[in-house]
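Only one structure is covered here, and it is reproduced in the block below.
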Amino acid sequence: MSTEATTLRVIIAAFTDFLTVAIHTILYERAIYPPTSFLSARKYNLSVRQNRHPKVCEWINDAVSAVETELLKGVVGRVAIVIYTKDNHPVERFMLDVSRFPTVALADLDTPLERTAANGDRLPILPRIDMEEQFRATLSRLASCSSTLKPLPEGCVFNIAVELKQDGQPPLNHPQPWMPVQSAKGDAVGGQLQKKAVPVRSIAAGELLLECWIEEADGAS
Amino acid sequence: MAQDYTEYLAINVLNEQQLVSYRSLSRALKVHSNLAKQMLYEFHRKQNAKKPGSVHATYLITGIRRAQSPAHTNGVHSQEDGDDTVMQSSPPLPSSFAPHHEEEAEEPVAVRSVLLVKEEHLEQAKATFDSVTGIHINSLQANGLSDVQSLTECNRKIVESYASEDPLQAWKQYGTIQNPNVKRRTQRKGPPPPARIAKDADAKMKPLAPTTKPTALEKQASKESKDSQESKPASKPSSAKATPEPSKKPAAVNRQGSDIFKSFAKGKTKPKKEDSQSSAEATAAATEPEDEAMGGFSEEEDDAEDGAADVDEVPKESEGKSKKEREADLQAMMDQEDEIMEDAAEAIPDKTAEEQDEGAIDKPDSQQAEEPAKDTVTMENGRRRGRRRVMKKKTVKDEDGYLVTKEEAAWESFSEDEPPPKKIEAAPAASTNKPAAGKKAAKAGQGNIMSFFSKK
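As they're listed, the protein sequences go chains U and P. Position one of the first sequence corresponds to residue 57 (the numbering used here), numbered consecutively onward. Position one of the second sequence corresponds to residue 196 (the numbering used here), numbered consecutively onward.
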């Protein structure tokens, strides 16, 4: 794994793995699905929860590959996992800021990246051990988040949203995986939440720069 | 000290919102585990008195559980806490370490269980026990514990952060359960340990097969008067690779007699490999005396062999490939009759050569003190002649009737065309051999130093 040259594709692949695990963890923690439908798995040397239902897994995998497509285009600012109540009011958002990923031209997606420090030393693009450790820490924080957050009302549903960067073009091609949503009052997807932000962690592993926080709607929904 | 723990817990549990188990607390503050449990209890009590619900605990209850009626058992776990679905759902959860459902529902079998419960289920869990032999706090966290599995992270961090500590010294401090008969096996290495006399002179040390650590361990003859041969206790199961290496090297000691099984043991590290290679040529001759000794041991060591066979298989993986076949031969040998061992012994001269070398390493002082350290080498017409010191094996019968093979240095004259073979000094690594030999030649034959170098 370390022998291959690290390209942007590799970085994005590492991120999407993490995103998948994070989604499963959030689903477990916020009890979107019954806890008995989750089995224990191990990722990044940490015990995590994974949903067993095939449709759920399929949906999550599809969503994450759609995110990956957008990431490869380099237009994504943030990825959000939004929890809605039964009447479609967003009550919580788990944000992952990916705007600091390296931006490369489309032709250079598979070009190995190089990084030099100020004194000219070559630095690793994606130090695996650091990355795993930081992913582990983030997932542990996510796993304990449910005790800090307010309990969710019954029957919540979740969805995945991406916020594009300023100059990003929304993806409107034929098999349309994404539903464009107008941002209300220049605010982010999910409508205007009276938000309370709980920081989770920021990850800095080589070129993989990520921030993670939780936004809670203050008002009762 | 009392302030330390409060501060430490306040920082970790409240500020950083981490999970602190009694084990991590004891490692971090270097205190006994029981003291750590008390600290956790005190902190929990004080914080909850100040602000109720600020600190949550998980408890560990040990005791004899009341017999569960079959209606309650659900095949894998009997459901103790109705609300605690987390503990019920996934089998791998360590929620109970003892099986607590009986196949025969007729006779209630007293089942001793160890149960991990969250504090909200504490009373419920206690009610399921007939008698509680022990109860203590397992961990503290700032808010409720949603997933019991996150407790595994504590243990992983302990192993990661404290892998460098020697469990055989640390156990007294931390209070890990220790088997008094456990001894660590010595590590063979290149440089001779200076006059390491055995720390524990136990005459009888049974090798503990299930508790020996897989890597870098050698099989140990229980009847040999080996000193300070220790195998790792099972209390630190996962720090196999990191912990044995640094801590066992200093524990290598002088052995009274060489252990036969050391010739078969594969728990050797890199310096040893280099040594063995350097000594292979010189000591290839003295394999014969090994045979009777090995034969004698095979009958008496059956029980040790089986256990040690497992141990040796794992060191196999960590060693070079070239030794694997030899190791396999040895293993096959040891499981069979004496004659086969003796026959196969000749087939592995290299191995026994290494064995002799290790014996040499382990008794450097006594040998070197008695005999002059340098060999005389004279150079004449391109032929080297002189005396050199060679390790020879001598098998003697002990007072208990055991065959003991001793390594002894003996002088012999040699005459050969080549530059002198690499000496079997306890010098590490081949890099020092040639220059060392060169220097010795220079010392001995003063006028011939240039001819020595011209040979290269």
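Here a beta-carbon is modelled for each residue, glycine too, at the ideal position from N, C-alpha and C.
Partner residues on chain P for threonine 204 of chain U, Cβ-Cβ distance less than 9 angstroms: Gln212, Ala337 and Asn338
In chain P, what lies closer than 8 angstroms to alanine 261 of chain U by C-beta? Those within 8 angstroms of alanine 261 of chain U in chain P number zero; the least Cβ separation is about 18 angstroms.
Specify the secondary structure class of tyrosine 200 of chain P as computed by DSSP and reduced to three states. helix
Does alanine 78 of chain U get closer than 8 angstroms to chain P when you measure Cβ to Cβ? no
Closer than 7 angstroms by C-beta to alanine 261 of chain U: which residues in its own chain qualify, once you throw out the five before and the five after it? Chain order, please. Leu182, Pro183, Asp186, Met187 and Gln190
Please give me, in chain order, every unbroken run of the alpha helix (DSSP H) with length at least 4 that falls completely inside the segment 145-204 of chain U. 184-199
Using only the alpha-carbon positions, how far apart do leucine 340 of chain P and leucine 214 of chain P sit? 9 angstroms
For the segment 346-361 of chain P, which residues have a beta carbon sitting closer than 8 angstroms to at least one beta carbon of chain U? Thr347, Glu348 and Arg351
Using beta carbons (cut-off 8 angstroms, strictly below), is alanine 253 of chain U in contact with chain P? no
Top-ranked residue by Cα proximity to arginine 222 of chain P, from P/Leu335, P/Gly370 and P/Arg240: P/Gly370
Expressed to the nearest angstrom, what Euclidean distance is found between the alpha-carbon atoms of glycine 258 of chain P and glutamine 319 of chain P? 14 angstroms
Less than 8 angstroms between the C-beta atoms of alanine 136 of chain U and glutamate 219 of chain U, yes or no? yes
Where does lysine 225 of chain P fall in DSSP's three states? coil
Could you give the DSSP three-state label for arginine 261 of chain P: helix, strand or coil? coil
What span of residues does the beta strand (DSSP E) with cysteine 268 of chain U cover, start to end? 264-273
Chain U within 8 angstroms of glutamine 242 of chain P, Cβ atoms only: no
Under the three-state reduction of DSSP, which class applies to lysine 367 of chain P: helix, strand or coil? helix
Whether isoleucine 139 of chain U touches phenylalanine 214 of chain U by CB criterion (8 angstroms): yes
Secondary structure at lysine 246 of chain P, three-state DSSP: helix, strand or coil? coil
For serine 341 of chain P, decide whether its Cβ has a neighbour in chain U, counting only Cβ atoms nearer than 8 angstroms. yes
8 angstroms Cβ cut-off: residues of chain P touching arginine 105 of chain U: Asp342 and Gln344
When the Cα atoms are used, what is the spatial distance from lysine 111 of chain U to alanine 253 of chain U? 31 angstroms
Would you mind sorting glycine 581 of chain P into buried or exposed? The rule is 16 or more other CB atoms within 10 Å of its CB. buried
Taking Cβ positions only, does alanine 70 of chain U come closer than 8 angstroms to chain P? no
Counting only runs of 3+ residues fully inside the segment 290-361 of chain P, write out the beta strand (DSSP E) ranges in chain order. 306-313 and 324-336
Whole beta strand (DSSP E) elements within the segment 89-150 of chain U, 3-residue minimum: 94-99, 102-107 and 132-140
Beta-carbon proximity check, histidine 227 of chain P vs glutamine 368 of chain P, cutoff 8 angstroms: yes
Chain-ordered residues of the segment 80-101 of chain U with a beta carbon less than 8 angstroms from chain P: Tyr84, Glu85, Pro91, Thr92, Phe94, Leu95, Ser96 and Asn101
Does the Cβ of leucine 162 of chain U have 16 or more other Cβ atoms within 10 Å, making it buried, or fewer, making it exposed? exposed
Return the chain-ordered list of same chain residues with a C-beta closer than 7 angstroms to the C-beta of proline 233 of chain U, the five sequence neighbours on each side being excluded. Ala122
Beta-carbon separation of valine 120 of chain U and arginine 197 of chain U under 8 angstroms? no
Rounded separation between isoleucine 68 of chain U and isoleucine 270 of chain U - CA only: 22 angstroms
Considering leucine 75 of chain U, what are the terminal residues of the alpha helix (DSSP H) in which it resides? 64-85
Just to confirm, are valine 160 of chain U and leucine 95 of chain U a CB contact at a threshold of 8 angstroms? no
Pick from P/Gln526, P/Ala231 and P/Phe324 that is closest to leucine 220 of chain P, judged by C-alpha positions: P/Ala231
Check this for me: beta carbons of leucine 179 of chain U and arginine 192 of chain U, under 8 angstroms apart or not? no
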